[in-house]
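Colleague:
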Amino acid sequence: MKITKAVFPVAGLGTRFLPATKAQPKEMLPLVDKPIIQYAVEEAVEAGLDLMVLVTGKGKQSIENHFDTSFELEEALEKKGKTQVLEEIRKISSLGKFVYVRQQQPPLGLGHAVLMAKEIVGNEYFAVFLPDDVMDCPVACMKQMVEVHQKTSAAIIAAEKTDALGQERYGILKVEPTDNPRLHRIVDIVEKPGAQNAPSDLAVMGRYILPPEIFEKIEQTGEGAIGEIQLTDAIKSLLGEKEFFAYEYEGERHDAGEVSGYLKATIKLGLKRSDISEDLKKFIDEIAS
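Residue numbers (the UniProt record's numbering): 1 to 289.
1) DSSP on M205, reduced to helix/strand/coil?
2) Hey, would you say G171 sits closer than 8 angstroms to T266, going by beta carbons?
3) Thinking A159 and V187 are a contact (beta carbons under 8 angstroms), I'd like their distance in whole angstroms, please.
4) I need the straight-line Cα distance from L271 to K192, nearest angstrom please.
5) Please state whether the Cβ-Cβ distance between V259 and F17 is less than 8 angstroms.
6) In the structure shown, what three-state DSSP assignment does G12 receive?
7) Contact check, F129 vs L210 under 8 angstroms by CB: the rounded distance?
8) Taking 8 angstroms as the threshold (C-beta atoms), are I120 and V101 in contact?
9) Is A159 helix, strand or coil when you go by DSSP?
10) Taking only runs of the alpha helix (DSSP H) that begin and end inside the stretch 166-202, which ones reach a length of at least 4 residues, in chain order?
11) Where does the unbroken beta strand (DSSP E) through M135 begin, and where does it stop?
12) Would you identify the three-state DSSP class for L239, choosing helix, strand or coil?
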């Protein structure tokens with residue numbers, strides 16, 4: 001069955017970016033001239049997904065406004081003859097169908113946020129995007145994963161090799177090899193084990209293709225040590241019943257969920273823009289000299 005639904009957990013408080021996120025969602029912070037969330041939605045569209053389910057919370061209305069039609073803005077741009085910008089603005093509201101699910105209580109972890117999409121997803125495989133992970137790939141990361149899912153009919157988790165610091169920050173996978181050097185059968189997941197206890201150097205990244213059975217497992221999963229319902233725990237409990245693969249995607253990931261990674265992502269993506277790259281390179285050379 002074709003995957004058509006994408007879930008975006010965007011209800012977090014964005015505390016790492018305070019005070020910038022006191023009155024605006026972290027997901028709306030700009031990377032060059034597009035908000036972080038738009039990169040993830042555009043990736044979903046490139047992967048062939050057309051129903052965007054955004055799990056939001058208090059103070060996230062600007063996300064909804066961004067993907068809605070702005071008649072006044074479009075009219076003003078049209079009157080001023082700014083046709084190129086007008087076309088870009090119109091594209092945003094036509095990226096797909098958008099559904100918003102608002103968490104009524106404070107965020108209780110990634111697992112709980114995904115669970116909020118249960119009624120909309122129904123009984124089919126679906127994609128999960130963590131927008132903090134901005135993927136810069138020759139072929140959209142999720143499109144690569146969808147193609148793998150179509151061949152395996154299994155759940156797929158994006159993965160990349162990491163170092164000792166990453167083994168303290170990410171979920172780390174215990175895997176078995178397959179005929180494809182980029183594809184690994186998942187045996188176990190250990191959340192932030194540290195280098196001493198890590199089963200491998202393969203880390204979970206913010207893209208998933210999950211089966212509908214994950215919702216029942218999330219419901220059965222209690223709050224962890226930090227009072228959150230973790231998606232990792234639900235996946236662990238499903239490993240014995242469903243086949244899961246880790247896929248080492250082709251491309252580069254930018255961690256826009258913390259300040260230094262966000263700044264690095266802005267620079268790297270800016271350098272890929274032909275209209276600003278020369279000025280940016282010159283500026284970097286000036287401050288580096």
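Glycine included, every Cβ here is placed at the ideal spot set by N, Cα and C.
Modeller: With the structure as the only source:
1) Translated into the one-based positions of the sequence shown, residue 205 becomes position 205. DSSP places M205 in strand when its eight states are reduced to three.
2) Here residue 171 is taken as the residue at index 171 of the sequence shown, counted from 1. Here residue 266 is taken as the residue at index 266 of the sequence shown, counted from 1. Their beta carbons are not under 8 angstroms apart, which means G171 does not touch T266 by this criterion.
3) Working through the sequence shown from its first residue, we reach residue 159 at position 159. Working through the sequence shown from its first residue, we reach residue 187 at position 187. Not really, about 13 angstroms apart at Cβ, beyond 8 angstroms.
4) Numbered from 1 along the sequence shown, position 271 holds the residue referred to as residue 271. Numbered from 1 along the sequence shown, position 192 holds the residue referred to as residue 192. Approximately 33 angstroms, taken between the alpha carbons.
5) Here residue 259 refers to the residue found at position 259 of the sequence shown. Here residue 17 refers to the residue found at position 17 of the sequence shown. Yes, the Cβ-Cβ distance between V259 and F17 is below 8 angstroms.
6) As a working mapping, residue 12 is identified with position 12 in the sequence shown. It is coil, neither helix nor strand.
7) By 1-based counting over the sequence shown, the position of residue 129 is 129. By 1-based counting over the sequence shown, the position of residue 210 is 210. At roughly 12 angstroms, the Cβ-Cβ gap does not stay under 8 angstroms, so F129 and L210 are not in contact.
8) Counting from 1 along the sequence shown, the entry for residue 101 is found at position 101. Counting from 1 along the sequence shown, the entry for residue 120 is found at position 120. For V101 and I120, yes; Cβs fall inside 8 angstroms.
9) Working through the sequence shown from its first residue, we reach residue 159 at position 159. Correct three-state label for A159: strand.
10) none
11) Here residue 135 is taken as the residue at index 135 of the sequence shown, counted from 1. From DSSP, the beta strand (DSSP E) with M135 extends over D133 to D136.
12) On the sequence shown, position 239 is the one that residue 239 refers to. Looking at L239 - three-state DSSP - the assignment turns out to be coil, as it is neither helix nor strand.
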